[in-house]
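Asker: Quick one: the structure is below, questions incoming.
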Amino acid sequence: MQTIQELYTYEILTKDQPDLIKMTAECLAKTFTGVEVAGKWVQEPIIGHALKLPYEDFYQFTKEYIEANVHQGYCAVALDKEQNVVGALVGDTNVLEIIEGDIFEGTFADMNIVMRVLEDIDERFLEDYKKRFGKDMEDGEILHLFLLGVIAEHNRHDIVQSLGDILIKKATEEGLRLVLAEATNPKSMRLLEKYQGLTKYVTVEGDFIVHKYESNENLNSIPSTVADGIYIIVKEL
Numbered sequence: 151m152q153t154i155q156e157l158y159t160y161e162i163l164t165k166d167q168p169d170l171i172k173m174t175a176e177c178l179a180k181t182f183t184g185v186e187v188a189g190k191w192v193q194e195p196i197i198g199h200a201l202k203l204p205y206e207d208f209y210q211f212t213k214e215y216i217e218a219n220v221h222q223g224y225c226a227v228a229l230d231k232e233q234n235v236v237g238a239l240v241g242d243t244n245v246l247e248i249i250e251g252d253i254f255e256g257t258f259a260d261m262n263i264v265m266r267v268l269e270d271i272d273e274r275f276l277e278d279y280k281k282r283f284g285k286d287m288e289d290g291e292i293l294h295l296f297l298l299g300v301i302a303e304h305n306r307h308d309i310v311q312s313l314g315d316i317l318i319k320k321a322t323e324e325g326l327r328l329v330l331a332e333a334t335n336p337k338s339m340r341l342l343e344k345y346q347g348l349t350k351y352v353t354v355e356g357d358f359i360v361h362k363y364e365s366n367e368n369l370n371s372i373p374s375t376v377a378d379g380i381y382i383i384v385k386e387l
């Protein structure tokens, strides 16, 4: 039986790898908008289920995000023997950005809904961060894990673990304070909990930071059996 090391190799993307960046965006866009993998349907509940955002639009959004942040060194991919991207975990070390107003138009206009939800929980996190550390967040203080997707048919959990290990090791070596992700469903949350030790963030008042889907008119079609909300999850480094 082939081992995980034999099945896949791993690397951190650079800005001089346009073909790999394209394949990485394709991998992520498929897993978010919906794709069948090993006989199972993989789909992110907000992007794919509730809003049904178009693949091409989400692919372009993802590609532009990677191109804008790849120089920071936190875009990791898993490659099969044919050098196809079969898994990706991409992030950045920027201050969480709060944008006023809608920025997406046309067939991708509903992405504004996603951004408003993210801004809701991110803004609450930034407020608590200032209370906890006595200062506003600055660039280079946290690793923000933004997009995770795996389309490999085998050893999917091992890929998630390996990708996370690479990025968290780098963040630790570079002296970052926290790893943060916005977990939109229990499955991704369990993976990051089990393999990387992230847990639901608790504010100084003792509360979770969560945006409940049932209270959002655009997202309340997401069954509670699939996911109940989007949570801030973190790991201290």
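Going by my numbering, the sequence shown opens with residue 151, and the numbers climb by one from there.
Note that beta-carbon positions come from the ideal geometry of N, C-alpha and C, so glycine has one too.
Just so you know, these numbers come straight off a predicted model, no measurement behind them.
1. Output the residue ranges of the alpha helix (DSSP H) runs that lie fully inside the stretch 286-331 and measure 4 residues or longer, sorted by chain position.
2. Pick helix, strand or coil for T349, following the three-state DSSP scheme.
3. Look up E161 in the DSSP assignment and say whether it is helix, strand or coil.
4. Are D278 and V354 closer than 8 Å when you measure CB to CB?
5. In whole angstroms, give me the CA-to-CA distance for K281 and R274.
6. With DSSP collapsed to three states, give me the class of D166.
7. Note down the Cα distance separating P373 from Q233, rounded to an integer number of angstroms.
8. Excluding five sequence neighbours on each side, which residues of the same chain lie with their C-beta closer than 8 Å to the C-beta of A226?
9. If we count the other Cβ atoms within 10 Å of its Cβ and call it buried at 16 or more, is K190 buried or exposed?
Answerer: This is what the structure gives:
1. Unbroken alpha helix (DSSP H) runs of no fewer than 4 residues, entirely contained in the stretch 286-331, are found at 306-323, following chain order.
2. strand
3. strand
4. yes
5. 11 Å
6. coil
7. 37 Å
8. Y160, E161, I162, L163, A238, L239, V240, L313, I316, L317
9. exposed
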